[in-house]
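J.:
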């Protein structure tokens, strides 16, 4: 249920706020987290990688949200056996 809710919120946020709004980016991060919690590690890693790029572009490399996403990507990579460096 959480994944579907995040997807619905994300659709609305993209429409109302735009793709680069911090709330939209945060929902994308939370959707990746939900996918990870559901055992969908490969998809979670892909989502983390995508939102990390956008966080870096929009908020910068040293913003707490960017750092948190990088951290969660590392955890998901460890859980899923990610072999290449990010």
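Numbering (the numbering used here), first residue to last: 2 to 87. For each residue, glycine too, the CB sits at the ideal point set by N, CA and C.
1. Closest by CA to residue 32, which one among 58, 40, 45?
2. Is DSSP giving residue 61 helix, strand or coil here?
3. Output yes or no for whether 8 angstroms exceeds the beta carbon distance between residue 59 and residue 26.
4. Determine the DSSP secondary structure at residue 2, reduced to helix, strand or coil.
5. Given a cut-off of 8 angstroms on the beta-carbon distance, is the pair residue 29 and residue 6 in contact?
T.: Reading off the structure:
1. As a position in the chain shown, residue 32 is number 31, starting the count at 1. Ranking 58, 40, 45 by Cα distance to residue 32 puts 45 first.
2. Indexing the chain shown from 1 puts residue 61 at position 60. Coil at residue 61, not helix or strand.
3. As a working note, residue 59 is residue 58 in the chain shown. As a working note, residue 26 is residue 25 in the chain shown. Yes.
4. The sequence position of residue 2 within the chain shown is 1, counting from 1. Note: residue 2 maps to coil in three-state DSSP.
5. Within the chain shown, numbered from 1, the residue matching residue 29 stands at position 28. Within the chain shown, numbered from 1, the residue matching residue 6 stands at position 5. No, they are not a contact pair.
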